[in-house]
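S.K.: So the number in the numbering used here is just where the residue sits in the sequence shown, counting from 1, plus 478.
Just so it is clear, CB atoms sit at the ideal spot from N, CA and C, and this is done for glycine as well.
Computed from a predicted structure; not experimentally measured.
After the structure tokens below, expect a handful of questions from me.
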Amino acid sequence: MKKIHYQDIVEEVKTMCMKSNYNLGDDVYTAFKQALKTEKSETGKEVLTQLIDNADIAKAEQVPMCQDTGTAVFIVEVGQDCHIEGGKLGDAINEGVAKGYGEGYLRNSMIYNPLNRQNTGNNTPAIVHIDLVEGDTLTFHMTAKGGGAENMSDLKMLKPSDGIEGAKEYILSIVKEAGPNACPPLVVGIGIGGNFERCAYLAKKSLFRPLGVRHEDPAVADLEMELMEEINRLGIGPQGMGGSTTALDVKVEVESCHIAALPVAVNLNCHASRHQTISM
Ligand code: SF4
């Protein structure tokens with residue numbers, strides 16, 4: 479059984495928090511450049527150019543690409559043959575987040591309680607999802623998830639009779655309603671199936687798949703492409719200033735569900751679509 483020490487997790491998580499906020503992933507950066515070639519609106523092109531410049535400055539000067547440095551969300555694949563020594567996994571993640579946001583001069587956005595709104599002062603707690611997998615590797619997928627895009631996300635328990643057409647209509651209505659408030663161009667994460675809470679998780683999980691990588695099921699991949707075309711026909715455009723680039727990508731995850739249900743969740747991610755993955 480592989481042993482992984484608590485303090486090593488703290489250090490890795492700290493680094494992920496800082497890197498994700500300073501360095502836009504290559505997949506998102508490439509999508510910006512591609513969008514610049516296809517964007518039809520001059521204003522849209524100007525905004526995309528500014529977003530590219532912004533990402534370049536953040537990387538060169540190692541400063542956050544946005545003032546909203548996000549909620550630290552993790553999906554951790556825990557190999558069932560690895561053992562964590564020296565403390566609990568959740569504590570190590572939170573300690574890493576506190577260090578990363580503190581030492582990295584990143585804004586602390588988390589509050590103890592929505593009813594009293596008092597800031598926790600170190601951007602914890604992180605949101606942590608655990609996925610038990612085969613092997614002895616611990617893999618951390620992390621995103622610094624912006625509040626504006628999260629606020630415009632939604633979930634609906636559709637009826638089976640609504641069918642795929644009803645699901646598409648609902649997804650488009652959420653993107654349309656979000657307009658500029660989710661800071662487009664977006665990555666649109668969609669969960670279809672599961673139950674109430676699982677569906678929201680699927681939508682979030684889909685955002686961790688790199689841009690440009692289609693779902694392995696050809697039918698789901700086709701749905702992603704179709705939704706992307708329809709979303710980009712809405713005309714919202716970069717930063718909501720109009721244009722043909724409302725979404726950089728659309729991701730769909732599908733799972734089994736109850737015969738009476740058709741849960742659909744739409745988790746929007748903004749242009750600061752920050753994600754990191756490390757394994758240890
Ligand atoms: S939603 Fe994204 S781009 Fe908008 S303010 Fe928050 S992190 Fe920044």
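Output needed for residue 576: all residues of its chain with C-beta closer than 6 Å, excluding positions within five of it in sequence on either side, in chain order.
M.R.: So the list reads 600 and 602, once near-sequence residues are dropped.
S.K.: Within the present structure, is the beta-carbon of residue 661 separated from the nearest heavy atom of ligand 1 by less than 7 Å?
M.R.: At least one heavy atom of ligand 1 is nearer than 7 Å to the Cβ of residue 661, so yes.
S.K.: Exposed or buried, residue 475, counting other C-beta atoms within 10 Å across all chains shown (16 or more means buried)?
M.R.: Outside the shown range of the chain (479 to 758) lies residue 475, about which nothing can therefore be said.
S.K.: Got a sec? Which residues, its chain only, sit under 7 Å from residue 637 by beta carbon, not counting five neighbours each side?
M.R.: Within the same chain, residue 637 has close Cβ partners 740.
S.K.: Work out the CA separation of residue 569 and residue 512 for me, nearest whole Å.
M.R.: Whole-angstrom Cα-Cα distance: 40 Å.
S.K.: With 16 other CB atoms within 10 Å as the buried threshold, where does residue 558 fall?
M.R.: Flag for residue 558 reads exposed.
S.K.: Is DSSP giving residue 557 helix, strand or coil here?
M.R.: If DSSP states are grouped into helix, strand and coil, residue 557 belongs with the strands.
S.K.: Does the beta-carbon distance from residue 519 to residue 720 come in below 8 Å?
M.R.: Closer than 8 Å, so yes.
S.K.: Run the Cβ filter for me: residues under 6 Å from any heavy atom of ligand 1, listed in the order they occur in the chain.
M.R.: Having a Cβ closer than 6 Å to some heavy atom of ligand 1 are 544, 546, 548, 624, 625, 626, 627, 661, 748, 749 and 750.
S.K.: Any contact of the region 726-745 with the region 679-695, i.e. 3+ C-beta pairs under 8 Å?
M.R.: Yes: at least three Cβ pairs fall under 8 Å.
S.K.: Whose C-beta lies closer than 7 Å to the C-beta of residue 523 among residues of the same chain, with five residues either side of it excluded?
M.R.: Around residue 523: 514 and 517.
S.K.: Tell me whether residue 624 is buried or exposed, calling it buried when 16 or more other Cβ atoms sit within 10 Å of its Cβ.
M.R.: Counting Cβ neighbours within 10 Å, residue 624 comes out buried, since at least 16 surround it.
S.K.: State the CB to CB distance for the pair residue 545 and residue 585, rounded to an integer number of angstroms; the pair is presumed to be in contact (CB under 8 Å).
M.R.: That belief holds up - the Cβ atoms of residue 545 and residue 585 are roughly 6 Å apart, short of 8 Å.
S.K.: List the residues that DSSP assigns as beta-bridge partners of residue 632.
M.R.: Note: residue 632 sits in a beta bridge opposite 744.
S.K.: Does the Cβ-Cβ distance between residue 681 and residue 744 come in under 8 Å?
M.R.: It is a contact, given that the beta carbons lie within the stated cut-off.
S.K.: Can you tell me whether residue 757 is helix, strand or coil according to DSSP?
M.R.: Note: residue 757 maps to strand in three-state DSSP.
S.K.: Straight-line CA distance for residue 650 to residue 658?
M.R.: So the two alpha carbons sit approximately 14 Å from each other.
S.K.: Could you check whether residue 622 and residue 521 sit closer than 8 Å to each other, using their CB atoms as the reference points?
M.R.: No, Cβ-Cβ distance for residue 521 and residue 622 is not below 8 Å.
S.K.: Kindly indicate which three-state DSSP category residue 720 falls into: helix, strand or coil?
M.R.: Note: residue 720 maps to coil in three-state DSSP.
S.K.: What is the rounded straight-line gap between the Cα of residue 590 and the Cα of residue 554?
M.R.: Cα to Cα, the separation comes out at about 23 Å.
S.K.: So what does residue 732 bridge to, in DSSP terms?
M.R.: Residue 732 is bridged to 670.
S.K.: Assuming residue 495 contacts residue 578 under a Cβ cut-off of 8 Å, what Cβ separation, rounded to an integer in Å, is found between them?
M.R.: Confirmed, Cβ separation roughly 3 Å.
S.K.: Please report the Cβ distance between residue 701 and residue 730, rounded to the nearest whole angstrom; I am assuming they are in contact, meaning their Cβ atoms lie under 8 Å.
M.R.: So it is a contact: roughly 6 Å between Cβ atoms.
S.K.: Could you pull out every unbroken alpha helix (DSSP H) segment of at least 4 residues lying fully inside the region 581-663, listed in chain order?
M.R.: Here the runs fully enclosed are 625-629 and 641-656.
S.K.: Is DSSP giving residue 563 helix, strand or coil here?
M.R.: The answer is strand: DSSP assigns residue 563 an E or B state.
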